[in-house]
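Novice:
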Amino acid sequence: MKVAYQWLKQYIDSGLSPAELASKLTMVGLAVEHVEFLEKGIKNVVVGQIKEITRHPQADKLVICQVDMGEKTVQIVTGATNVREGHKVPVALVGAKLPGGVKMKAAKLRGIESYGMLCSGEELGIDETYVSEESRGGIMILHPDVPVGKDAVEVLGLDDAVLEFELTPNRSDCLSVINVAREVSAVSGKEITLPKIEFKETEENINDIASVEVKDEELCNRYVARVVKGVKLGPSPEWMQHFLRSAGIRPINNVVDISNYVMLEMGQPLHTFDYNRLVGHKIIVRRAYEEEKMFTLDGQERIFGSDTLLICDGEKPVAVAGVMGGLDTEVTEKTENILIEAARFHPVSIRRTSRMLGLRSESSLRFEKGLDVSNVKNACDRAAQLMAEFCGGQVVNGVIDTFDQDIELLKVPLRIARINQILGTSLTREEVTSFMERLHFSFEIMGEEMIVTIPPYRQDITREVDLIEEVARLNGYDQIPVTLPFGPTTEGRKTRLQEFADNVKNFFVGVGLVEVITYSFINRKDLDKIILAEDCPLRKTVKVKNPLSDEQGIMRTTLAPGLLATAALNTSRRKTDLAIFECGRIFMPGSEKLPEETEVLGALVSGSLNRGWNWQAQTLDFYFLKGVLAALFDRLEIKDWRLKAEKLPPFLHPGRAGSIHVNNCLVGYIGEIHPRVQDNYDLEEKTCIMQIDLAPLADASPNVVRYIPFGKFPSVQRDMALLVPESLAAEEVSAMIRAKGGEILTGVSLFDVYKGAQVPEGYKSLAYSLSFQAVDRTLTDEEVTRVFDQTKSELFAKFGVELR
Amino acid sequence: MIEKLNAIRRQAEKEMNKVASYGELNDLRVKYLGKKGELTAVLRGMGSLSPEERPQVGQAANQVRSDIEKILEVRGNELKEQQLQESLKKETIDITLPGQNIFIGRKHPITLVIDQIKEIFLGMGYTISEGPEIELDYYNFEALNIPPEHPARDMQDSFYISDEVLLRTHTSPVQVRTMEKTVPQVPVKIICPGKVYRRDDDATHSPMFHQVEGLVIDKGISMGDLKGTLLTFARQMFGEDRQIRLRPSYFPFTEPSAEVDISCMMCGGEGCRVCSHTGWLEILGSGMVHPRVLEMSGYNPEEVSGFAFGMGVERVALLKYGIDDMRLLFENDLRFLTQF
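Those protein sequences? They're chains A and B, same order as listed. Going by our numbering, the letters in the first sequence line up with residues 112 to 915, in that order. Going by our numbering, the letters in the second sequence line up with residues 380 to 719, in that order.
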């Protein structure tokens, strides 16, 4: 909402400058986003009247104007094509100053002397968008009543300032300049003067020449109509045009301008019909029939359903209620008689209709917010008054009004003690009553309570706490003391899962991974890129009904697309050594209304780390990632975990991946990505990813760590090298070693895997280092040898392994 | 014979002082003290001595042996030290060559900011609450005093899953769920960090972003308590000399409502580019919990009151780290992420 400072000044002289006013209003909750000062340094631009236009002897595109400036007549050459003899226009005479410090000088244009310039809106700093039709692209044609010789800055309001409000949804009452003025009154303590609505009426009675029938009172609870006869269309006064332009509305003609002006002034949208073209001079307000059609003002044919409220004449729809008028009954230059409509339509109905038609206007915006029902007739009268004054119209006697109830004003109790309790203040009753007076809220005092009568334009106030807010904002939020809650001490606490997630994140950072955060929504096509089969459960997704784009069309069922896209982005920027992780949720449609959300941890690695001048680089491959996983489980004290080459998601390399099992439960997967996926994402390096569910990990991780004393007796190391078939999983061998080693075997570590020379085809050599130690004695050589030999023979018996 | 012994000592001392390495010194040890050494040879001749002379010569011989051993030790130490010095010199490396690239991971700036906020409120006795990111319309809107068709729904353009289910537009539904679980007990003292979603995408808006919201419900909670809590927070988060300013605003779930500005940490309130020359930065929305919200969650607003506040984590991160484009946060360019 944009309001000219001078417009406000018509109702209240606050004694505050535009900037002061903006700051005060902001601090009471009517936020002024911006104050625009229209003053652009224009000097000596005055109104002149064109007396005579003659052709330029040397130039087809120029004309010579003799312009009456009051005391003298000057000759000005112009290239403008929209000026006619008799027009009044702003003239910059020699010596005048224009925006940007341009100074007018006398000039010769193709041999003809020119002593000034006729100004266009643009040259005076007026946005062309808001210049009336006849002046657009040419010279600013002024209203014929403007006196010659008057300062154009004053006439066009170019010394004004415009306050741009950012209204909160509860203060839609301030979509009215008068209601903004009421706020100015509340902050400044100055009195407000409302326009007097009075006009003469003709003998003829409206009920004899027009009728209104509302067939759906739920959607239209008040319809007021007046008829004004004998209007003459023309421009509206310059001050009105200036106020409209300031509000961002382009002046059209006096009738349309008046209905816009009253809408802005009083917050009540109006519509004007060409009375003569209303069949039967009748207004019928009803819901549309299914598939009913009509041409709206913009020349488009619209089709409606029964949700839409239509304004009809005796035979057909003539307007979409509250949204847009029809082409047939539009006010045109030929219009003589006007029917003014002021109504209150149901906010929801208007909202739906304007959305459906994709038409949101200043009018529909106001209807959607819900209008003050008591204001409808006043606005209709105000428009009639202005049409009588500025369109030469005669107001027909009487008004049609479908609303006949008494408006009962809401009364809300207000307790001083409650105010102070909620705000933490110590306001007195006198202070509180003074705030009510500044708001023009009337009240009675009943013991400890005040009963406050809420004016009809403040529909946002319905209960005590709303009044407490009024007190708080007028008293000033800076007057609220600074205290801290007292009461029993509370413990600050994270849940176990939060604590766990934080620890896991710290672990990943500790081993060198960088955290990423990717969008929770992904593109359906991402599921093709990770080569999911048509019936893959990961394709059962939660879909967003109204995404911004297909890119964000579905909720992710795996972190893989986000991690892979991150790898792709960095690869495209020449960064292929990656070690990243993400902690976030995945979403699966569930049996309940809400989908299932699972907190998961994902990681992706590729390339290598720590390349340097005299040491080995760390390859970020499957075994690196598995090492991270093993370290994580070690850190979490999770002992029972293993990888199985089964139940793998399709985007992993089938021979280089495993599903992760903790306590025999599937909790995730780890592996190199499938070469086709690598291609789909244009990744240059082999890439490995993993994903684990957090909750089962937290459950498997013991809460308490207990110290286990280490043996005081010496330990013995023995190495064994085994020749095993290539297909035998190393873990089976080490599991067997562990099983046979018994109590005294305290460690098994694989320190070499070898294939090649001296190892037969189809075999691999595994070298283990075994540690033996007893808690209660020094082990004898014989004892260790016995266990070591038994283990060897068992391995031979079970797997046919050979010793090297 | 004693003469001979003394001569051996003199000779040994002379030779030992001449040698240049520990190895040569060892050769001398063998030469003088070894089984076939000179001293041993002398002692072998002791048999021919008279019983009177024998103890004297024996004593002298022992003296010479101990003298030689002492010389060996002193000289040995000297030589070891000399060798050590030489090898230290030889082992000198170029300390200006680069060290190994110890790779440290990083947390995302959003996580860093959330962690810091969590720490501050944990210290003030708040519990951390979480809830679903895909929510029922009821919890996201209705229970927060935003019925269907309420104009405030325009403020938060939402992503819908179905008519009743949407991506939460704020973390406030967690507050409602917590109140429902806690009622009629007080106090409720929680913060709710998490992802939220709105249909907006440009340099200052992301369709997914993070919020931290807080809620306190207890007997006798006032707007002064809100102000004090936020001032404490602002100072811990942004520096001890920060001021805060509350401006009236509107949220359907709080009344009175306030926007909270902090004095700009870049210019200290003087006015600069970051604060658009106002001296203030808007970082929080807040207010007293609307009685309607308390009622819907089962509390009696005549008995308890509360305050709530919420902030966008991205905005705090942008301010804190001087980031000028929101989109950088979710692009995940490693050159960006490894700066925090």
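Every residue, glycine too, gets a C-beta built ideally from N, C-alpha and C.
#1: Would you mind telling me which residues of chain B sit closer than 8 Å to L680(A), beta carbon to beta carbon, in chain order?
#2: Buried or exposed: T720(B), going by 16 or more other Cβ atoms within 10 Å of its Cβ?
#3: In this structure, does DSSP put Y576(B) in helix, strand or coil?
#4: Quick check: the region 351-366 of chain A against the region 417-429 of chain A, are at least 3 beta-carbon pairs closer than 8 Å?
#5: Measuring alpha carbon to alpha carbon, tell me which of A453(A), P599(A), T279(A) ends up nearest V396(A).
#6: From the DSSP output, which residues share a beta bridge with I250(A)?
#7: Counting only runs that start and end within the region 468-514 of chain A, where is the beta strand (DSSP E) found for 3 or more residues in a row?
#8: Evaluate L136(A) with the Cβ neighbour count: other Cβ atoms within 10 Å of its Cβ, from every protein chain shown; 16 or more gives buried, anything less gives exposed.
#9: Please identify, using Cβ separations under 9 Å, the residues of the region 587-610 of chain A that lie next to chain B, in order along the chain.
#10: Go through the region 751-802 of chain A residue by residue and report every complete run of the alpha helix (DSSP H) that reaches 4 residues or more, in order.
#11: Here's the rule I'm using: 16 or more other beta-carbon atoms within 10 Å means buried, otherwise exposed. How should I781(A) be labelled?
#12: Check whether chain A comes within 9 Å of I483(B), counting only Cβ atoms and requiring the distance to be less than that.
#13: What do you reckon, are the CB atoms on V200(A) and M251(A) nearer than 9 Å?
#14: Is the Cβ of M801(A) closer than 9 Å to any Cβ of chain B?
#15: Under 9 Å between C-beta atoms, does A333(A) make it to chain B?
#16: From the beta carbon of Q379(A), is the nearest beta carbon of chain B less than 9 Å away?
#17: What does R696(A) touch in chain B if you count any residue whose Cβ is under 7 Å from its own?
#18: Contact between the region 702-717 of chain A and the region 799-812 of chain A is defined here as three or more beta-carbon pairs at a separation below 8 Å; is this criterion met?
#19: By the DSSP assignment, the alpha helix (DSSP H) with Y865(A) in it spans what residues?
#20: Does the Cβ of W724(A) have 16 or more other Cβ atoms within 10 Å, making it buried, or fewer, making it exposed?
#21: Is the beta carbon of I641(B) sitting closer than 9 Å to the one on A613(B)?
#22: State the Cα-Cα distance for the pair K560(B) and S585(B), rounded to the nearest angstrom.
#23: Looking only at its chain, what residues have a beta carbon closer than 7 Å to the beta carbon of A133(A), apart from the 5 residues adjacent to it on each side?
#24: Is there a C-beta anywhere in chain B that falls below 9 Å from the one on T889(A)?
#25: Taking 9 Å as the CB-CB limit, is G723(A) close to chain B?
#26: Under the assumption that S243(A) contacts P346(A) (Cβ atoms under 8 Å), give the Cβ distance between them as a whole number of angstroms.
#27: Does any residue of chain B have a CB that is nearer than 9 Å to the CB of E580(A)?
#28: When burial is assigned at 16 or more other CB atoms within 10 Å of the CB, is W659(B) buried or exposed?
#29: Just the C-alpha distance for D589(A) and I533(A), rounded to the nearest angstrom, thanks.
#30: Does any C-beta atom of chain B lie closer than 9 Å to the C-beta of G738(A)?
#31: Using a Cβ-Cβ cut-off of 9 Å, state whether P670(B) counts as contacting chain A.
#32: What number of angstroms, rounded off, separates the C-alpha of A531(B) from the C-alpha of K480(A)?
#33: Over what stretch of residues does the alpha helix (DSSP H) that includes T561(B) continue unbroken?
#34: K875(A) and V835(A) look like a contact to me (Cβ under 8 Å); what is the Cβ gap, rounded to whole Å?
#35: Does any residue of chain B bring its CB to less than 9 Å from the CB of M666(A)?
#36: With DSSP run on the structure shown, which of helix, strand or coil describes I633(A)?
Specialist: For this structure:
#1: E710, N711, D712
#2: Residue 720(B) falls outside the range modelled here, since chain B spans only 380 to 719, and no answer is possible.
#3: strand
#4: no
#5: A453(A)
#6: S231(A)
#7: 505-508
#8: buried
#9: Y588, D589, I591, P592, V593, T594, L595, P596, F597, G598, P599, T600, T601, E602, G603, R604, K605, T606, L608, Q609
#10: 786-791
#11: buried
#12: yes
#13: yes
#14: no
#15: It is Arg, not Ala, that sits at residue 333(A) in the sequence shown. It does not: the Cβ of R333(A) has no partner Cβ on chain B nearer than 9 Å.
#16: no
#17: E512
#18: yes
#19: Element bounds for Y865(A): not the alpha helix (DSSP H) but the beta strand (DSSP E), 856-865.
#20: exposed
#21: yes
#22: 32 Å
#23: V143, V146, L274
#24: no
#25: yes
#26: 7 Å
#27: yes
#28: buried
#29: 15 Å
#30: no
#31: yes
#32: 10 Å
#33: 551-561
#34: 6 Å
#35: yes
#36: strand
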